[in-house]
Amino acid sequence: MLINAIGTYSASQPLESMAITRREPGPQDVQIAIAYCGVCHSDLHQARSEWAGTHYPCVPGHEIVGRVTAVGNAVSRYAVGDLVGVGCMVDSCQQCEECAEGLENYCDHMVLTYNGPTQDAPGHTLGGYSQQIVVNERYVLRITHPEAQLAAVAPLLCAGITTYSPLRHWHVGPGKKVGVVGIGGLGHMGIKLAHAMGAHVVAFTTSESKRNAARALGADDVVVSRNDDEMAAHVKSFDFILNTVAAPHNLDAFTTLLKRDGTMTLVGAPATPHPSPEVFNLIFRRRSIAGSMIGGIPETQEMLDFCAEHGIVADIELIRGDEINEAWERMVKGDVKYRFVIDSATLAG
Numbered sequence: 001m002l003i004n005a006i007g008t009y010s011a012s013q014p015l016e017s018m019a020i021t022r023r024e025p026g027p028q029d030v031q032i033a034i035a036y037c038g039v040c041h042s043d044l045h046q047a048r049s050e051w052a053g054t055h056y057p058c059v060p061g062h063e064i065v066g067r068v069t070a071v072g073n074a075v076s077r078y079a080v081g082d083l084v085g086v087g088c089m090v091d092s093c094q095q096c097e098e099c100a101e102g103l104e105n106y107c108d109h110m111v112l113t114y115n116g117p118t119q120d121a122p123g124h125t126l127g128g129y130s131q132q133i134v135v136n137e138r139y140v141l142r143i144t145h146p147e148a149q150l151a152a153v154a155p156l157l158c159a160g161i162t163t164y165s166p167l168r169h170w171h172v173g174p175g176k177k178v179g180v181v182g183i184g185g186l187g188h189m190g191i192k193l194a195h196a197m198g199a200h201v202v203a204f205t206t207s208e209s210k211r212n213a214a215r216a217l218g219a220d221d222v223v224v225s226r227n228d229d230e231m232a233a234h235v236k237s238f239d240f241i242l243n244t245v246a247a248p249h250n251l252d253a254f255t256t257l258l259k260r261d262g263t264m265t266l267v268g269a270p271a272t273p274h275p276s277p278e279v280f281n282l283i284f285r286r287r288s289i290a291g292s293m294i295g296g297i298p299e300t301q302e303m304l305d306f307c308a309e310h311g312i313v314a315d316i317e318l319i320r321g322d323e324i325n326e327a328w329e330r331m332v333k334g335d336v337k338y339r340f341v342i343d344s345a346t347l348a349g
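Okay, here's the thing in structure tokens:
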């Protein structure tokens with residue numbers, strides 16, 4: 001089936017309209033009319049081949065929400081008309097230890113929603129900057145938010161699970177002091193989720209002007225990280241720090257804020273490495289620096305249900321498809337509160 005999409009034919013070209021082909025639904029497939037697709041910073045990294053290995057044409061997008069329009073004859077979980085989502089993966093081996101534990105995101109053969117290997121033309125997956133997608137039902141998520149919130153639900157499929165998974169894994173909850181570094185697409189979700197989990201949340205920003213915005217998101221305290229006195233007031237006090245910044249920076253400034261046995265988890269993915277951290281800063285208090293990447297399908301569904309229960313959605317700016325290049329340039333400058341979302345109805349033409 002031929003549909004409209006937005007993508008690029010090379011790392012140096014801007015995004016443009018293009019026609020792509022989607023397969024007809026197989027026995028276990030769900031066909032989804034895409035209503036909205038969130039815009040993630042990794043979309044830009046991939047399309048511009050800043051992480052290398054990008055296949056072209058590249059159609060980005062892995063924060064997908066819409067409505068089921070057809071199902072295969074073996075599909076049991078979904079029916080035509082259901083509100084659903086698709087996140088960062090559309091397949092995995094289903095044979096390894098990670099898949100057996102519902103951690104498909106760490107499967108060595110996980111297939112990304114775009115730029116992953118597939119038998120479908122053109123030989124790699126094409127993402128959600130498009131009108132429609134066909135996905136095996138195992139990788140489709142149910143959405144229980146009110147339909148009126150659907151556009152703001154889209155970023156939960158990446159930004160939401162990317163922050164929810166480490167918060168859950170490191171047992172964030174009442175009685176825990178949690179820091180969130182960065183107040184952008186990921187950070188604003190981290191603040192909302194940690195607050196809903198009952199933690200004492202401290203937001204870190206380099207900008208004095210973001211204090212009120214961080215408090216409005218649910219932060220109990222806000223620290224301007226360029227202010228040495230403010231940073232010093234929190235030394236050795238955090239149980240957990242979620243670092244969402246996707247640019248290289250000094251990690252030592254934040255590891256010194258951890259208690260003994262505290263952990264800082266990195267979820268931002270810079271194109272070039274962070275400066276090497278001071279090892280003694282970790283050794284002397286058994287501190288850890290860890291990483292986390294999205295979440296498995298069961299945990300992603302858990303996150304969506306948690307957000308629906310607590311009334312959590314992303315703060316978004318809705319855009320037309322033909323505004324995507326401008327949106328990317330604004331995203332690079334941090335000029336968005338806090339996630340762009342494409343209205344897929346504007347792709348028709």
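Mapping of the sequence shown onto the UniProt record's numbering: residues 1 to 349, in sequence order.
Note that CB positions come from ideal geometry on N, CA and C, so glycine has one too.
Beta-carbon separation of residue i and residue j under 9 Å?
| i | j | result |
| --- | --- | --- |
| Gly85 | Leu304 | yes |
| Gly179 | Ile241 | yes |
| Val59 | Ala5 | yes |
| Ile257 | Val235 | The question names Ile, but residue 257 is Leu in the sequence shown. Yes; because the gap between Cβ atoms is below 9 Å, this pair is in contact. |
| Val267 | Gly291 | yes |
| Asp29 | Val75 | yes |
| Gly218 | Ile191 | yes |
| Tyr114 | Leu126 | yes |
| Ser207 | Val181 | no |
| Asp239 | Lys177 | yes |
| Pro25 | Gly72 | yes |
| Ala52 | Thr8 | no |
| Ala314 | Met189 | yes |
| Gly87 | Ile161 | yes |
Measuring only the C-alpha atoms, how far is residue i from residue j?
| i | j | result |
| --- | --- | --- |
| Cys93 | Met110 | 7 Å |
| residue 419 | Ser49 | One cannot answer for residue 419 here, as it falls past the ends of the chain, which runs 1 to 349. |
| Val332 | Gly185 | 12 Å |
| Ile3 | His200 | 47 Å |
| Leu141 | Asp228 | 44 Å |
| Thr300 | Ser276 | 32 Å |
| Met293 | Gly102 | 14 Å |
| Thr263 | His169 | 11 Å |
| Ala327 | Leu83 | 26 Å |
| Met18 | Asp322 | 12 Å |
| Pro248 | Ala269 | 9 Å |
| Pro298 | Thr163 | 15 Å |
| Leu157 | Ala203 | 22 Å |
| His41 | Gly81 | 30 Å |
| Glu104 | Asp91 | 8 Å |
Give the DSSP bridge partners of residue i, in chain order.
| i | result |
| --- | --- |
| Pro117 | His124 |
| Met89 | Leu112 |
| residue 364 | Residue coverage of the chain in this structure runs from 1 to 349, which leaves residue 364 outside it and unanswerable. |
| Glu63 | Beta-bridge pairing links Glu63 to no other residue. |
| Gln132 | Ala33 |
| Lys177 | His200 |
| Leu318 | Val341 |
| Leu258 | Phe238 |
| Thr205 | Val224 |
| Thr265 | Leu242 and Ala290 |
| Gly7 | Glu16 |
| Val68 | Ile32 |
| Val84 | Gly66 and Arg142 |
Quick test of your reading: residue i and residue j, contact by CB under 8 Å. State the CB separation rounded to the nearest angstrom.
| i | j | result |
| --- | --- | --- |
| Ala196 | Val172 | Not quite, the Cβ-Cβ distance comes to about 10 Å (not below 8 Å), so this is no contact. |
| Leu150 | Tyr36 | 6 Å |
| Arg339 | Pro155 | 4 Å |
Return no unless some Cβ of chain D is closer than 9 Å to the Cβ of residue i.
| i | result |
| --- | --- |
| Asp120 | Among the protein chains of the structure shown there is no chain D, as only one such chain exists. |
The stretch 132 to 145 contacting the stretch 283 to 290, beta-carbon criterion three pairs below 8 Å: The stretch 132 to 145 vs the stretch 283 to 290: no contact.
Per the contact definition of three or more C-beta pairs closer than 8 Å, is the stretch 150 to 168 in contact with the stretch 210 to 224? no
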